[in-house]
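*Asks:*
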Amino acid sequence: MPGPAHPRPAPDLADIERDPLGYLLEVLRLEYHGAETGEDVYSGASLPQLHGRVYGGQVLAQSLLAAGATVPAGRLPHSMHGYFLRAGDIHQPVDLAVERLRDGRSFSARRTHAYQGGKAILSMIASFQEDQDGIEHTSQMPDAPDPEDVTSAHDVLAKIDHPIAHFWSRQTAFDVRHVDGSLYLAPGAQRTDHQLVWMRSRGPVPDDQILHRALLAYACDQIMLEPVLRQAGHSWQTPGLSIASLDHAMWWHRDVHVDEWLLYVQSSSSAQGSRGLGAARVFAQDGTLVASIAQEGMIRVPD
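The sequence shown: position 111 = 111 (our numbering), numbered continuously.
#1: Throw me the rounded Cβ distance for the residue 111 and residue 101 pair, which I believe falls under 8 Å.
#2: Across which residues does DSSP place residue 230 in a beta bridge pair?
#3: Compute the Euclidean distance between the alpha carbons of residue 164 and residue 118, then round it to the nearest angstrom.
#4: Rounding to the nearest angstrom, what Cα-Cα distance links residue 261 and residue 285 in this structure?
#5: Alpha carbon to alpha carbon, how far is residue 200 from residue 176? Give it in angstroms, no decimals.
#6: Out of 253, 223 and 187, which has the shortest C-alpha to C-alpha gap to residue 283?
#7: What residue range does the beta strand (DSSP E) around residue 143 cover?
#8: Exposed or buried, residue 221, counting other C-beta atoms within 10 Å across all chains shown (16 or more means buried)?
#9: For the region 177-184 against the region 264-277, do three or more pairs of beta-carbon atoms, one drawn from each stretch, fall closer than 8 Å, so that the two count as touching?
#10: Pairs of beta-carbons, one from the region 33-43 and one from the region 77-85, closer than 8 Å: are there three or more?
#11: Which residue comes first and which comes last in the beta strand (DSSP E) that contains residue 264?
#12: Roughly how many angstroms separate the alpha carbons of residue 3 and residue 172, rounded to a whole number?
#13: Where in the region 73-135 do unbroken runs of the beta strand (DSSP E), each at least 3 residues long, occur, reported from the N-terminal end onward?
#14: Please classify residue 239 as buried or exposed, where buried requires at least 16 other C-beta atoms within 10 Å of its C-beta.
#15: Assuming residue 155 is part of the alpha helix (DSSP H), what are its boundary residues?
#16: In or out: residue 296 buried (at least 16 other Cβ within 10 Å) or exposed?
#17: Quick test of your reading: residue 217 and residue 61, contact by CB under 8 Å. State the CB separation rounded to the nearest angstrom.
#18: In angstroms with no decimal places, state the Cα-to-Cα distance between residue 90 and residue 55.
#19: In angstroms, rounded to a whole number, what distance separates the CA positions of residue 1 and residue 276?
#20: Taking the alpha-carbon positions, what's the residue 226 to residue 74 distance?
#21: With residue 243 as the anchor, note down where its beta strand (DSSP E) starts and where it stops.
#22: Going by the CB atoms, is the gap between residue 298 and residue 232 shorter than 7 Å?
#23: Pick from 157, 137, 303 and 58: whose alpha carbon is nearest that of residue 213?
#24: Going by DSSP, what residues sit across from residue 199 in a beta bridge?
#25: Which residue marks the beginning of the alpha helix (DSSP H) containing residue 213, and which one marks its end?
#26: Out of 274, 104, 16 and 224, which one is the CA nearest neighbour of residue 241?
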């Protein structure tokens with residue numbers, strides 16, 4: 001288990017607003033602490049959040065990057081399964097301990113525990129594989145309008161004088177475009193358990209495939225449970241709404257480039273017991289399926 005966490009200085013919000021993607025990339029740059037002990041231990045900072053809790057997609061990405069730093073060169077993550085155990089505190093660093101489970105001829109398996117104050121906030125296992133030939137087949141991307149013809153959530157929220165709107169329009173690293181309108185301000189026009197969302201980083205990302213795959217994990221966490229809200233006729237502004245990710249599963253099928261437009265084809269098959277399940281297939285703009293995702297979350301709304 002890593003040692004005790006130490007508070008870090010508060011980030012300069014002006015720097016974040018000037019370059020939110022650059023700031024995110026800096027947050028994902030982990031510090032290695034195993035030089036003396038030989039252990040695979042890393043630490044990272046956190047992005048600011050209005051509620052003061054660590055964003056789940058951030059610690060997912062950090063855990064994957066920490067695991068990826070320990071695998072043989074040329075092996076990329078193809079699957080990840082993680083459980084969110086506790087809410088994290090953005091004012092404390094995230095400590096990441098990697099366990100090397102196996103290195104085979106083609107695959108490597110790693111387990112990462114993310115800690116704060118000696119307590120686990122996330123437990124994740126990931127598998128990495130060398131590039132290999134094999135059977136090829138893929139689902140077809142559904143018809144969708146061009147992303148340039150879809151209104152950006154940032155443009156809508158930038159017109160609103162409110163701390164939440166200010167945060168989502170100026171401090172986020174991804175441009176998010178809901179084909180049938182977002183749920184930031186109001187419920188959808190109709191109840192449905194499906195939605196289409198275009199997403200792209202707000203600037204170029206270094207040509208590092210593990211980083212791109214980690215950023216996909218980072219970005220998707222903010223929309224995975226929206227089909228549950230959409231089907232129930234709720235929005236992010238529903239009074240008393242309490243929502244939190246419980247677990248997250250992800251499969252990368254092919255190379256992904258988060259600085260190019262990606263279409264999230266989302267659905268929700270079930271909601272019950274204050275939990276909802278969201279799923280997504282992620283396509284590149286040329287129709288290539290690059291990833292599949294599933295997430296269950298706690299969703300509570302007052303009667």
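Just so it is clear, CB atoms sit at the ideal spot from N, CA and C, and this is done for glycine as well.
Bear in mind the structure is a predicted one, so any value in this text is a computation, not a measurement.
*Replies:* Well, looking at it:
#1: About 6 Å separates the beta carbons of residue 111 and residue 101, which is inside the 8 Å limit, making them a contact pair.
#2: Partner(s): none; residue 230 has no beta bridge.
#3: Taking the Cα positions, residue 164 is about 31 Å away from residue 118.
#4: So the two alpha carbons sit approximately 6 Å from each other.
#5: Taking the Cα positions, residue 176 is about 7 Å away from residue 200.
#6: The shortest Cα separation from residue 283 among 253, 223 and 187 belongs to 253.
#7: It is not in any beta strand (DSSP E) - residue 143 carries neither H nor E in the DSSP assignment.
#8: Result: buried.
#9: Counting Cβ pairs under 8 Å, fewer than three are found: no touch.
#10: Result no; under three Cβ-Cβ pairs closer than 8 Å.
#11: Counting along the chain, the beta strand (DSSP E) containing residue 264 begins and ends at 262-272.
#12: Unreliable placement is indicated for residue 3, whose pLDDT of 46 sits below 50; no coordinate value is reported for it.
#13: For the region 73-135, whole beta strand (DSSP E) runs of length 3 or above, ordered along the chain, are 75-84, 94-103, 107-116 and 119-130.
#14: Taking a 10 Å sphere around the C-beta of residue 239, we find fewer than 16 other C-beta atoms and assign the residue as exposed.
#15: Residue 155 -> alpha helix (DSSP H) spans 153-157.
#16: Burial call: buried.
#17: With 8 Å as the limit, residue 217 and residue 61 qualify as a contact, their Cβ atoms being about 5 Å apart.
#18: Their Cα atoms are separated by approximately 8 Å.
#19: Residue placement at residue 1 is flagged as unreliable, the pLDDT there being 48, under the threshold of 50; the coordinate-derived value follows with that caveat. Cα to Cα, residue 1 sits roughly 32 Å from residue 276.
#20: For residue 226 and residue 74, the gap between their C-alpha atoms comes out near 35 Å.
#21: Looking at the DSSP string, the run of the beta strand (DSSP E) that includes residue 243 is 242-252.
#22: With respect to residue 298, residue 232 sits apart: the two C-beta atoms are not nearer than 7 Å.
#23: Per the Cα distances, 58.
#24: In the DSSP output, where bridge partners are listed per residue, residue 199 has 176 and 262.
#25: In the DSSP assignment, residue 213 falls within the unbroken alpha helix (DSSP H) covering 209-220.
#26: Nearest C-alpha to residue 241: 274.
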